[in-house]
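**Student:** I have a structure here, written as structure tokens, and I will follow up with some questions on it.
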Amino acid sequence: MANTEAALKEATTSIEGAVGAALVDYTSGMALGTIGGGKDLDLTVAAAGNTDVVRAKVRTMEMLGMKDEIEDILITLGGQYHLIRLLKGRGNNGLFLYVALDKQRANLAMARHQLKKIENALEV
Numbered sequence: 000m001a002n003t004e005a006a007l008k009e010a011t012t013s014i015e016g017a018v019g020a021a022l023v024d025y026t027s028g029m030a031l032g033t034i035g036g037g038k039d040l041d042l043t044v045a046a047a048g049n050t051d052v053v054r055a056k057v058r059t060m061e062m063l064g065m066k067d068e069i070e071d072i073l074i075t076l077g078g079q080y081h082l083i084r085l086l087k088g089r090g091n092n093g094l095f096l097y098v099a100l101d102k103q104r105a106n107l108a109m110a111r112h113q114l115k116k117i118e119n120a121l122e123v
């Protein structure tokens, strides 16, 4: 089982093209941990902004009466992918892993696979 710091480090080292990662509580919008980022990617701001994205999608699914669960949300920018993976089980409701990827270096399918693996090992 990995703690937050170890899980985020694994995300940035094992996912090709990772620019930064965060573990976020979408009930409060707070980042519980961050790694990477930089002057062009403030992960604290990204955590708060992506919380709004997650809340909006959850609300929309409720209004539509959908009983399905969100696995992940992908936002594609000109030069980056932003991948949001909602955590399931073991008291992780209300949390998501967020990874920003360099579009030129990332393999999106492998990034999703690695993020799921990291989720399964994460102990919050």
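Counting from 0, one number per residue, gives the positions in the sequence shown under numbering that gives the first Met the number 0. Even glycine gets a Cβ: it sits at the ideal position worked out from N, Cα and C.
In angstroms with no decimal places, state the Cα-to-Cα distance between D24 and Q79.
**Tutor:** One C-alpha to the other measures close to 23 Å.
**Student:** Express the C-alpha separation of L94 and L121 in angstroms, rounding to a whole number.
**Tutor:** About 11 Å.
**Student:** Rounded to a whole number of angstroms, what is the C-alpha to C-alpha distance between T12 and A1?
**Tutor:** Rounded to the nearest angstrom, the two C-alpha atoms are 14 Å apart.
**Student:** Which term fits E70, buried or exposed, when burial requires 16 or more other beta carbons within 10 angstroms of its beta carbon?
**Tutor:** It is exposed - the Cβ of E70 has fewer than 16 other Cβ atoms within 10 Å.
**Student:** Are there three or more Cβ pairs, one per stretch, closer than 8 Å when the region 109-121 is compared with the region 4-23?
**Tutor:** Counting Cβ pairs under 8 Å, three or more are found: they touch.
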